[in-house]
């Protein structure tokens with residue numbers, strides 16, 4: 012049930028490769044709907060405002076477009092169990108041929124009501140629109156579900172570990188190759204920051220224009236995860252893994268940082284949009300323009316250590332974690348694998364000076 016309520020968090024089920032327009036085309040073909048009919052036009056142009064059963068004008072809701080177009084085309088009573096729905100959705104993610112996808116969708120259509128179809132397509136496109144947040148659903152399942160998901164990004168593990176409402180999780184739930192959901196910052200004025208810190212010193216770090224990258228290392232086994240917990244090792248592994256092996260002197264760890272492209276000709280970091288292009292094309296081989304990557308290299312700017320040698324250390328202070336990080340990376344390499352510089356400050360003036368310097372340096 013949880014993977015149907017939270018399809019956007021389900022990492023076990025691969026992507027369907029089906030968006031609204033493609034699904035609309037499948038429905039038109041499977042149900043043999045005349046392409047110029049009102050129902051077909053509604054499915055294929057689902058963003059266009061149309062009247063609902065209640066007479067309201069709605070647009071941009073594909074689930075409602077499916078409901079309106081299939082009103083008289085589905086059985087009055089459904090016969091699918093939750094297990095069967097999940098099995099069919101698994102089959103749909105595995106299907107690569109149009110004919111196979113069509114067969115699966117057709118079998119689902121024969122056994123689901125029009126209301127079930129509305130919710131099914133919302134599950135497939137991963138936009139349920141039920142007015143309940145992810146946090147509310149997870150919290151209803153178990154009081155520790157949010158915390159466990161934040162440190163594992165694994166809905167299946169959350170459901171398995173916390174199936175007993177009386178069981179509480181421990182700090183040891185953090186583990187390698189389960190990406191930890193990053194803690195996001197909020198925007199404040201310099202004066203507000205100083206007030207929040209109540210006279211204590213705090214740290215300023217540069218915000219880089221790159222891609223958030225979490226590195227999980229277990230010996231020579233290394234994986235990279237994006238801020239959305241996607242495995243992006245195939246994109247950056249070839250260029251970055253050798254540097255991790257060379258400069259990270261610890262057996263097991265989880266690093267958090269920002270991946271950038273450094274241009275040694277301009278002596279500046281490239282804009283975020285150039286990152287994946289650089290990773291995919293090698294200069295002189297498949298580059299879009301000959302020499303377009305000359306003088307450029309990936310740079311991993313590490314700013315935190317979350318786990319080391321079998322222990323999660325997120326309960327430690329940032330100062331303690333950075334001290335351990337420097338022991339794990341004793342000889343960082345400039346513009347290849349660096350530890351993000353920090354500056355301890357305590358006044359509004361210090362913050363404004365740091366912001367001015369960041370702007371002057373092009374950050």
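Numbering (the numbering used here), first residue to last: 12 to 374.
Built from N, CA and C at the ideal position, the CB exists for glycine as well.
Values in this document were obtained by computation on a predicted structure and should not be read as measured data.
Item to check | Minimum length 4: unbroken alpha helix (DSSP H) runs contained in the region 148–231 | outcome: Counting only runs of 4 or more, we get 156–163, 166–172 and 201–208.
Checklist entry - Roughly how far, in whole angstroms, is the beta-carbon of residue 36 from the beta-carbon of residue 55, given that I think they are within contact range, below 8 Å? => result 7 Å
Checklist entry - Is residue 304 buried or exposed, if buried means 16 or more other CB atoms sit within 10 Å of its CB? => result By the Cβ neighbour-count rule, residue 304 is buried, with 16 or more other Cβ atoms within 10 Å of its own.
Checklist entry - Based on the DSSP output, what are the partners of residue 38 in its beta bridges? => result For residue 38, which the question treats as bridged, DSSP gives no partner whatsoever.
Checklist entry - Does the Cβ-Cβ distance between residue 103 and residue 27 come in under 7 Å? => result yes
Checklist entry - Are residue 225 and residue 158 close, meaning C-beta to C-beta below 7 Å? => result no
Item to check | Local Cβ density within 10 Å of residue 33, reported as buried at 16 or more and exposed below that | outcome: Counting Cβ neighbours within 10 Å, residue 33 comes out exposed, since fewer than 16 surround it.
Next on the checklist: Just to confirm my understanding: we take residue 149, look at its own chain, exclude 5 residues before and 5 after, and list those with CB closer than 8 Å. What are they?
Outcome noted: Beyond the five residues adjoining it in sequence on each side, residue 149 comes within less than 8 Å, by CB distance, of 17, 156, 157, 160 and 169 in the same chain, given in chain order.
Item to check | DSSP beta-bridge partners of residue 311 | outcome: As computed with DSSP, residue 311 is found in a beta bridge with 270 and 348.
Item to check | Strand pairing of residue 282, partner residues [DSSP] | outcome: Beta-bridge pairing links residue 282 to no other residue.
Next on the checklist: If you follow the alpha helix (DSSP H) that residue 52 is in, where does it begin and where does it stop?
Outcome noted: Note, residue 52: alpha helix (DSSP H), 49–55.
Item to check | Expected contact under 8 Å - CB spacing of residue 271 and residue 280 to nearest Å | outcome: 5 Å
Next on the checklist: Less than 8 Å between C-beta atoms, sequence neighbours within five positions excluded: which residues of the same chain meet that for residue 369?
Outcome noted: The residues are 217 and 218.
Next on the checklist: My output table needs one value for residue 101: the three-state DSSP class, helix, strand or coil.
Outcome noted: helix
Item to check | Given 8 Å, three or more beta-carbon pairs between the region 244–253 and the region 305–314 | outcome: Two segments are said to touch when three or more pairs of C-beta atoms, one from each, lie closer than 8 Å; by this definition the region 244–253 touches the region 305–314.
Checklist entry - Of the residues 360, 333 and 363, which one's Cα is nearest the Cα of residue 351? => result 333
Item to check | Beta-carbon separation (whole angstroms), residue 259 vs residue 340, contact threshold 8 Å | outcome: 6 Å
Item to check | Whole-angstrom distance between residue 284 and residue 342, CA atom to CA atom | outcome: Taking the straight line joining both Cα atoms gives about 29 Å.
Item to check | Simplified DSSP state of residue 317, which is helix, strand or coil | outcome: strand
Checklist entry - Going by beta carbon distance, what residues of the same chain come within less than 7 Å of residue 59, once the five residues before and after it are set aside? => result 70
Checklist entry - residue 355 lies in the alpha helix (DSSP H); which residues open and close that run? => result Premise fails: residue 355 lies in the beta strand (DSSP E), 353–356, not in any alpha helix (DSSP H).
Checklist entry - Taking the DSSP output, what are the residues bridged to residue 234? => result Per DSSP, the beta bridge partners of residue 234 are 227.
Checklist entry - Under the three-state reduction of DSSP, which class applies to residue 326: helix, strand or coil? => result coil
Next on the checklist: Quick check: the Cα distance between residue 191 and residue 87, rounded to an integer number of angstroms?
Outcome noted: 44 Å
Item to check | DSSP three-state assignment for residue 27, whether helix, strand or coil | outcome: coil
Item to check | Buried versus exposed call for residue 45 [16 or more other C-beta atoms within 10 Å across all chains shown] | outcome: Exposed, by the Cβ-count rule.
Next on the checklist: Could you give the first and the last residue of the continuous alpha helix (DSSP H) run that contains residue 368?
Outcome noted: 359–371
Checklist entry - Can you list, in chain order, the residues of its chain whose CB lies under 6 Å from that of residue 129, leaving out five sequence neighbours each side? => result 74, 77 and 78
Next on the checklist: I want to see whether chain C comes within less than 7 Å of residue 328, judged by CB atoms only; does it?
Outcome noted: Absent here is chain C; the protein component of the structure consists of one chain.
Next on the checklist: Is the separation between the beta-carbon of residue 162 and that of residue 178 shorter than 7 Å?
Outcome noted: no
Checklist entry - By the 10 Å Cβ neighbour count, where 16 or more other Cβ atoms means buried, how is residue 94 classified, buried or exposed? => result exposed
Next on the checklist: Rounding to the nearest angstrom, what Cα-Cα distance links residue 207 and residue 215 in this structure?
Outcome noted: Pairing residue 207 with residue 215, the inter-Cα distance amounts to about 14 Å.
Item to check | residue 15 to residue 136 span [Cα, whole Å] | outcome: 12 Å
Item to check | Contacts around residue 90, its chain only, beta-carbon distance under 6 Å, and the 5 residues preceding and following it disregarded | outcome: Same-chain partners within the cutoff: 122.
Item to check | Boundaries (first-last residue) of the alpha helix (DSSP H) holding residue 133 | outcome: 125–135
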